[in-house]
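2 protein chains.
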Amino acid sequence: MTASDPRPLDDEQLGAYFALMDVASLLRHAVEQQLREAGDLSYVQFQLLATLGLGTPTGTARMTDLADRVVYSRSGLTYQAGLLEAAGLVTRAPSEEDERSVVVSITDAGREVLRTVLPGHTDVVRQQLLEPLSRRGTSALAGLLTPVRDHMRAQPPRSAGRRRRR
Amino acid sequence: MTASDPRPLDDEQLGAYFALMDVASLLRHAVEQQLREAGDLSYVQFQLLATLGLGTPTGTARMTDLADRVVYSRSGLTYQAGLLEAAGLVTRAPSEEDERSVVVSITDAGREVLRTVLPGHTDVVRQQLLEPLSRRGTSALAGLLTPVRDHMRAQPPRSAGRRRRR
DNA sequence: TATTGTTATACTCTATAACTATA
DNA sequence: TATAGTTATAGAGTATAACAATA
Chain A
2 MTASDPRPLD DEQLGAYFAL MDVASLLRHA VEQQLREAGD LSYVQFQLLA
52 TLGLGTPTGT ARMTDLADRV VYSRSGLTYQ AGLLEAAGLV TRAPSEEDER
102 SVVVSITDAG REVLRTVLPG HTDVVRQQLL EPLSRRGTSA LAGLLTPVRD
152 HMRAQPPRSA GRRRRR
Chain B
2 MTASDPRPLD DEQLGAYFAL MDVASLLRHA VEQQLREAGD LSYVQFQLLA
52 TLGLGTPTGT ARMTDLADRV VYSRSGLTYQ AGLLEAAGLV TRAPSEEDER
102 SVVVSITDAG REVLRTVLPG HTDVVRQQLL EPLSRRGTSA LAGLLTPVRD
152 HMRAQPPRSA GRRRRR
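Chains as they are written, first to last, in my numbering: chain A, 2 to 167; chain B, 2 to 167.
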């Protein structure tokens with residue numbers, strides 16, 4: 002527990018904070034519309050498919066690891082994974098190493114949906130975010146925010162947090 | 002309507018996009034927890050109060066202007082404004098210039114809640130976002146994202162969009 | 001006719017707590 | 001005992017369409 006700085010944020014700090022939140026919020030809204038129309042996916046569902054299909058070599062992940070990465074509660078992931086499974090885009094099977102764990106795998110149909118959705122998705126991201134940033138800005142933004150994400154993720158994990166705090 | 006670029010995003014572009022979305026998502030989650038505990042506010046409600054209390058000289062705004070800035074549908078804003086009004090944090094009154102419009106005003110109680118919530122809010126933003134960014138990074142981030150927000154907002158407004166597209 | 005705002009409604013999503021099963 | 005995951009449940013939030021009132 003660090004002592005808190007009593008000074009209010011200055012205009013530049015507030016500007017960075019609100020700009021970040023507004024841009025992400027507007028972008029997410031735009032992107033969600035595209036995903037819904039192109040593939041009947043929510044953004045969270047897209048994140049899950051993208052994590053499995055683009056972010057791992059095997060196309061598989063444990064439920065808890067997915068929850069820590071994408072969703073903030075275990076039951077939330079169970080719900081979303083259930084929807085994806087019902088749509089045939091992922092499968093769930095008990096892990097062979099640890100019988101408590103469940104391994105989620107993207108299916109061929111899941112990869113197909115990802116392929117279908119990706120071009121339009123890319124268009125939206127390019128038009129809304131990347132175009133006004135330009136090449137150099139894109140690089141700078143990634144350089145700034147990637148360490149921030151790492152810093153945030155280094156803090157106590159979301160899925161287990163509640164449980165451990167009892 | 003611009004022709005779409007058929008090339009997929011490269012790693013740097015994907016990195017910037019996902020880092021932005023992840024950071025905003027994690028930050029929003031952290032901030033929402035603080036707002037709920039400190040002042041029983043959702044993030045949207047905080048945005049509304051902050052827009053009125055910090056973003057305008059008069060502490061007032063029209064419903065439609067608030068909707069365009071904060072929420073994405075008129076009915077969504079009616080709902081949130083209703084909650085804030087029931088809590089005594091804002092008032093709503095018909096505009097004198099245009100009888101169709103409703104002017105929302107932050108109350109003293111609303112400003113008080115804002116004051117109560119702000120120090121803890123600031124702590125979270127500082128610890129999660131600003132500290133790892135450092136001074137220079139904060140400035141750079143604001144410089145990158147403010148034009149992006151302007152670019153996004155220059156596009157057809159959210160509240161009227163659906164209606165006009167009929 | 002177009003715009004402002006509200007209402008009714010239905011739906012999606014999320015989190016909490018209780019529970020089962022395995023380590 | 002601790003961890004992985006599910007279920008039941010309840011609540012918050014959002015959007016759509018239909019509506020009333022004013023410009």
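Glycine included, C-beta positions come from ideal geometry on N, C-alpha and C.
Under 9 angstroms by beta carbon: chain B residues contacting residue i
| i | result |
| --- | --- |
| R29 of chain A | M22, A25 and S26 |
| S96 of chain A | Chain B residues near S96 of chain A: none, gap ~26 angstroms exceeds 9 angstroms. |
| V105 of chain A | Near V105 of chain A there are no residues of chain B at all, since even the closest Cβ is about 19 angstroms away, more than 9 angstroms. |
As assigned by DSSP and simplified to three states, the class of residue i
| i | result |
| --- | --- |
| D11 of chain B | coil |
| S106 of chain A | strand |
| R101 of chain B | coil |
| D6 of chain A | coil |
| A88 of chain B | coil |
| Q129 of chain B | helix |
Continuous alpha helix (DSSP H) stretch holding residue i: start and end
| i | result |
| --- | --- |
| P95 of chain A | From DSSP, P95 of chain A is part of no alpha helix (DSSP H) but of the beta strand (DSSP E) over V91 to P95. |
| L146 of chain A | E132 to R154 |
Beta-carbon neighbours of residue i, restricted to chain B and to distances below 8 angstroms
| i | result |
| --- | --- |
| A17 of chain A | L130, L131, L134, T139, S140, L142, A143 and L146 |
| V126 of chain A | L10, Q14 and Y18 |
| D66 of chain A | None at all; the shortest Cβ gap to chain B is about 15 angstroms. |
Segment limits, beta strand (DSSP E) that includes residue i
| i | result |
| --- | --- |
| A62 of chain B | T61 to R63 |
Closer than 9 angstroms at the beta carbon, the chain A residues around residue i
| i | result |
| --- | --- |
| S5 of chain B | P120, G121, T123, D124, R127 and Q128 |
8 angstroms Cβ cut-off: residues of chain A touching residue i
| i | result |
| --- | --- |
| V73 of chain B | Per the sequence presented here, residue 73 of chain B reads as Tyr, with Val not at that position. Near Y73 of chain B (Cβ distances below 8 angstroms), the residues of chain A are H30. |
Under 7 angstroms by beta carbon: chain B residues contacting residue i
| i | result |
| --- | --- |
| V149 of chain A | V24, L130, P133 and L134 |
Proximity test, residue i beta-carbon vs the ligand MN heavy atom, cut-off 7 angstroms
| i | result |
| --- | --- |
| V45 of chain A | For the ligand MN, the structure offers nothing, since it holds no ligand at all. |
Determine contact between the region 136-152 of chain A and the region 15-23 of chain B, defined as no fewer than three beta-carbon pairs at a distance below 8 angstroms.
yes
Could you check whether the region 31-42 of chain B touches the region 31-45 of chain A, counting it as contact only if at least three pairs of C-beta atoms, one from each stretch, sit closer than 8 angstroms?
no
Could you tell me whether the region 70-87 of chain A touches the region 43-52 of chain A, using the rule of 3 or more Cβ pairs below 8 angstroms?
yes
Check whether the region 109-126 of chain A touches the region 107-117 of chain B, taking contact to mean three or more Cβ pairs, one atom from each stretch, closer than 8 angstroms.
no
Using 8 angstroms as the cut-off, can you tell me whether the region 96-104 of chain B makes contact with the region 51-67 of chain B, which would need three or more C-beta pairs spanning the two stretches below that distance?
yes
For the structure I just gave you, are there three or more beta carbon pairs, one from the region 82-96 of chain A and one from the region 133-143 of chain A, closer than 8 angstroms?
no
Inside the region 17-83 of chain A only - alpha helix (DSSP H) runs reaching at least 4 residues:
44-55 and 64-70
Are the region 23-34 of chain B and the region 123-135 of chain B in contact at 8 angstroms, needing three or more beta carbon pairs?
yes
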